[in-house]
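To start, the structure under review is shown below, and the notes come after it.
Protein chains: 2
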Amino acid sequence: MATSRDVAKRAGVSPATVSRVLNNSGYVGADVRERVNRAISELNYVPNRLAQGLRKQHYGQIACVMPSIRNPFYPEIVMGIEETGLAQGYTFSLFNRITKREEYLQVILEGFYDGVIFLSPFEVEKVYDIAEIAKQIPTVVYSDRGHAFGIPHVFVDLRAAMEKNVTQLIEDGHREILFLGYEFVDESENPRYQGYMDAMTTHGFDVPKQLIQFIPDFTDTLSMGYESIQNTLHAGVSFTAVAASNDLLAIGAIRAIIDHGLHVPEDVSVTGVDDIEMARAITPALTTTRIPKHDIGRILMDLLLAQINQDAQGESVVEVATEIIRRESTLNRHGQQDGKQR
Amino acid sequence: MATSRDVAKRAGVSPATVSRVLNNSGYVGADVRERVNRAISELNYVPNRLAQGLRKQHYGQIACVMPSIRNPFYPEIVMGIEETGLAQGYTFSLFNRITKREEYLQVILEGFYDGVIFLSPFEVEKVYDIAEIAKQIPTVVYSDRGHAFGIPHVFVDLRAAMEKNVTQLIEDGHREILFLGYEFVDESENPRYQGYMDAMTTHGFDVPKQLIQFIPDFTDTLSMGYESIQNTLHAGVSFTAVAASNDLLAIGAIRAIIDHGLHVPEDVSVTGVDDIEMARAITPALTTTRIPKHDIGRILMDLLLAQINQDAQGESVVEVATEIIRRESTLNRHGQQDGKQR
DNA sequence: CACACATGTGAAATCGAGGCCACATTGTAC
DNA sequence: GTACAATGTGGCCTCGATTTCACATGTGTG
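Protein sequence lines correspond, in order, to chains C and W. Using the UniProt record's numbering, the first residue of the first sequence is number 1, and each one after it goes up by one. Using the UniProt record's numbering, the first residue of the second sequence is number 1, and each one after it goes up by one.
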């Protein structure tokens with residue numbers, strides 16, 4: 001590949017002049033500018049961003065860390081991030097958190113990136129790691145536990161969302177509501193679980209252990225949801241509703257219920273959280289809590305850009321609102337499907 | 001952030017020695033090594049990969065370009081790529097092709113990457129652009145039109161797969177089979193369309209224009225599939241089967257058919273291509289052609305590594321086999337669902 | 001004792017582009 | 001004619017890590 005030196009030689013000038021032409025800085029004569037530009041296109045010269053980055057301390061690259069690219073929830077946030085960031089000349093590295101923690105933390109600190117975006121960081125990364133990284137380079141987080149990090153973040157009140165969700169199920173007449181969600185090391189940190197428990201205990205309901213189903217893994221959410229409910233049904237546990245922690249789990253649950261010979265929503269109602277695209281495409285369409293994924297991505301990127309450009313102005317903690325979308329996987333108190341809200 | 005110079009100063013040695021310790025090259029005394037390592041951990045020193053890359057001409061970063069991160073087909077390939085690549089110390093930049101062509105082509109040539117992987121390149125990028133990039137840096141492609149590029153690639157015979165698929169529908173008794181797929185500038189380059197046409201004409205069937213439904217966009221496949229079939233049904237077009245070009249389109253189609261008051265598969269059979277995870281989770285579970293996504297990712301990465309490391313040995317063009325997975329969205333010739341193949 | 005050779009370390013050049021400073025040259029004002 | 005800006009261009013150091021070369025020891029062998 002051609003270097004700026006090659007261009008300079010061909011145009012009969014010094015590399016400094018080439019740099020001036022490229023960056024439109026300083027004074028350059030019209031004829032020289034012309035010659036340099038011709039040399040650039042003749043050699044197909046593209047400035048090496050590595051060398052630029054080293055010198056300018058600005059790389060135009062942003063790291064985005066998420067639990068799994070396979071859960072469509074995250075790609076939809078990424079779309080919002082990219083739309084905002086690409087317009088500013090940034091490109092993105094997406095990290096699936098399949099690697100060990102130490103590895104990607106290291107990669108992030110290697111100086112490749114102008115900023116980092118964490119989507120739904122795990123517990124293990126909670127305060128220490130992310131705060132550590134945030135000290136070194138601009139960082140934003142999407143997390144409802146964001147306050148703990150002390151850095152700019154976007155969050156939704158998942159506890160409240162889940163509580164509302166379960167309360168709605170209770171109002172629809174359900175008593176035996178199964179919770180399906182991810183396992184946390186410390187369940188007091190699990191907002192969806194807490195929201196569920198709050199709703200249940202507020203209404204004076206018992207929550208037998210077998211109505212709480214935790215799955216351990218993030219990479220195979222759909223099939224884990226399926227298996228979990230399959231096992232629960234096989235074990236003869238009785239429930240009339242499933243409150244799943246996200247749509248992928250909910251979709252897996254629906255299929256397990258159907259395969260067990262029951263009907264959704266007539267025998268069992270199912271709700272999710274996220275409102276991924278697929279939620280309204282399946283049959284029965286999923287009743288869920290909509291999280292504005294695209295907006296979250298956009299706001300995250302705005303917050304990050306503000307940090308990078310050192311604009312102190314503006315809020316650095318943003319809560320985004322959720323909304324229950326009732327579709328076909330639940331019955332209302334009159335025993336009817338809620339119709340076709342898209 | 002600490003530099004190797006800082007480490008050297010603290011350990012009372014030269015930067016050269018620090019480098020030797022880090023890379024295990026040359027001779028280093030045990031005591032000096034010890035001192036350097038202590039300085040490294042005291043300063044939380046992480047080598048700057050930009051500077052390393054500049055010097056070593058090796059960056060440990062690979063670009064991966066795909067039509068849309070929102071079609072789960074691609075994330076599943078990426079999982080295979082990453083599993084193979086991360087083990088070799090590579091990290092990945094994922095590019096959604098929402099950007100303009102010129103932009104990401106430029107980014108790729110900026111010297112950040114050791115290699116590029118193109119997943120399902122568009123027609124516009126066909127020969128010229130990709131061949132151009134391949135001249136400059138190691139490149140592999142997943143594409144059934146891969147031969148045109150003259151570079152290592154992985155492909156599935158999508159034409160044959162679609163032909164088999166449609167032939168199966170014909171054998172199941174269907175005559176009016178609707179084709180649902182992406183629009184190509186030149187439809188002779190559209191393998192799934194060609195496969196469909198081959199099957200239909202081989203059996204002597206007429207293909208009225210309204211049975212061919214093209215959608216223009218890659219980013220909103222699911223809803224485009226829905227709308228396309230919705231419109232077709234509203235227009236009163238008669239068909240008993242839909243052969244969709246991928247699972248997302250098929251899932252959109254199914255929902256449109258159901259919303260129109262018809263049943264799948266009793267009134268209309270639907271088939272997809274890809275076998276994404278969701279295909280077996282929905283109801284009715286989707287009959288589709290399985291493409292081994294994880295394998296494709298692994299092989300792509302192997303081919304790319306071979307290029308980067310200049311191992312000439314081994315095949316550089318790999319065809320992977322597909323397989324029809326019959327599930328519930330089709331009826332066989334006896335009018336029965338094919339059961340529950342997972 | 002001389003010489004080969006392994007061991008251990010530092011100085012300085014290098015990768016490619018940016019940017020400060022120095023130095024010309026020309027133009028303009030008094 | 002002198003002072004001083006504006007214009008135009010090159011030299012050289014810098015970013016941070018690697019690597020070649022040179023140099024200093026120590027160790028073994030004929």
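Yeah, the Cβ is synthetic: ideal placement off N, Cα and C, and Gly gets one too.
Residues sharing a beta bridge with residue i, DSSP
i, result
"Y226 of chain W", "BP columns for Y226 of chain W are empty, so no partner."
"G272 of chain W", "W:T288"
"M66 of chain C", "C:N96"
"F214 of chain W", "W:G181"
"T139 of chain C", "C:V116"
"I170 of chain W", "DSSP output for I170 of chain W lists no bridge partner at all."
"T91 of chain C", "C:Q61"
"L331 of chain C", "C:Q337"
"V320 of chain C", "Answer by DSSP bridge pairing: none, since V320 of chain C is not bridged."
"I325 of chain W", "W:T288"
CB contact below 8 Å: residue i versus chain W
i, result
"S4 of chain C", "no"
"G252 of chain C", "yes"
"S93 of chain C", "yes"
"P67 of chain C", "no"
"F112 of chain C", "yes"
"E328 of chain C", "no"
"M278 of chain C", "yes"
"P121 of chain C", "no"
"E76 of chain C", "yes"
"M301 of chain C", "no"
"I170 of chain C", "no"
Range of the contiguous beta strand (DSSP E) that encloses residue i
i, result
"L249 of chain W", "Unbroken run through L249 of chain W is the alpha helix (DSSP H), D247 to D259; no beta strand (DSSP E)."
"I241 of chain W", "One point to set straight first is that residue 241 of chain W is Ala, not Ile, in the sequence displayed. That run of the beta strand (DSSP E) goes A241 to A244."
"H153 of chain W", "H153 to F155"
Residue i and residue j closer than 8 Å at C-beta
i, j, result
"Q213 of chain C", "L248 of chain C", "no"
"I133 of chain C", "I108 of chain C", "yes"
"A63 of chain W", "V116 of chain W", "yes"
"residue 400 of chain C", "Y226 of chain C", "A question about residue 400 of chain C goes unanswered here, because the residues of chain C that appear run from 1 up to 342."
"A250 of chain W", "M162 of chain W", "no"
"E328 of chain C", "P292 of chain C", "no"
"H294 of chain W", "M79 of chain W", "yes"
"S269 of chain W", "L169 of chain W", "yes"
"R290 of chain W", "E323 of chain W", "yes"
"I276 of chain W", "A256 of chain W", "no"
"L233 of chain W", "R192 of chain W", "no"
"L303 of chain C", "P152 of chain C", "yes"
"V18 of chain C", "A30 of chain C", "no"
"V46 of chain W", "V13 of chain W", "no"
"M197 of chain W", "L119 of chain W", "no"
"G195 of chain W", "A160 of chain W", "yes"
"N246 of chain C", "F95 of chain C", "no"
"G146 of chain W", "V264 of chain W", "no"
"I215 of chain C", "E187 of chain C", "no"
"R10 of chain W", "E42 of chain W", "yes"
"A279 of chain W", "T288 of chain W", "yes"
Contact with chain C by residue i, beta-carbon distance below 8 Å
i, result
"V273 of chain W", "no"
"L178 of chain W", "no"
"P72 of chain W", "yes"
"M79 of chain W", "yes"
"residue 357 of chain W", "Residue 357 of chain W cannot be examined here, being either before or after the span of chain W that is shown, 1 to 342."
"Y226 of chain W", "yes"
"E187 of chain W", "no"
"E82 of chain W", "yes"
"N37 of chain W", "no"
"Q106 of chain W", "yes"
"Q230 of chain W", "no"
Residue i beta carbon near the ligand PLP (any heavy atom closer than 7 Å)
i, result
"T91 of chain C", "No copy of the ligand PLP occurs in the structure displayed, which carries no ligand at all."
First and last residue of the uninterrupted alpha helix (DSSP H) at residue i
i, result
"V78 of chain W", "F73 to L86"
"D302 of chain W", "K293 to I308"
"D198 of chain W", "P191 to T202"
Would you list, in sequence order, the uninterrupted alpha helix (DSSP H) runs of no fewer than 4 residues that lie entirely inside the UniProt domain "HTH lacI-type" (2-56) of chain C?
4-11, 15-23, 30-42 and 49-56
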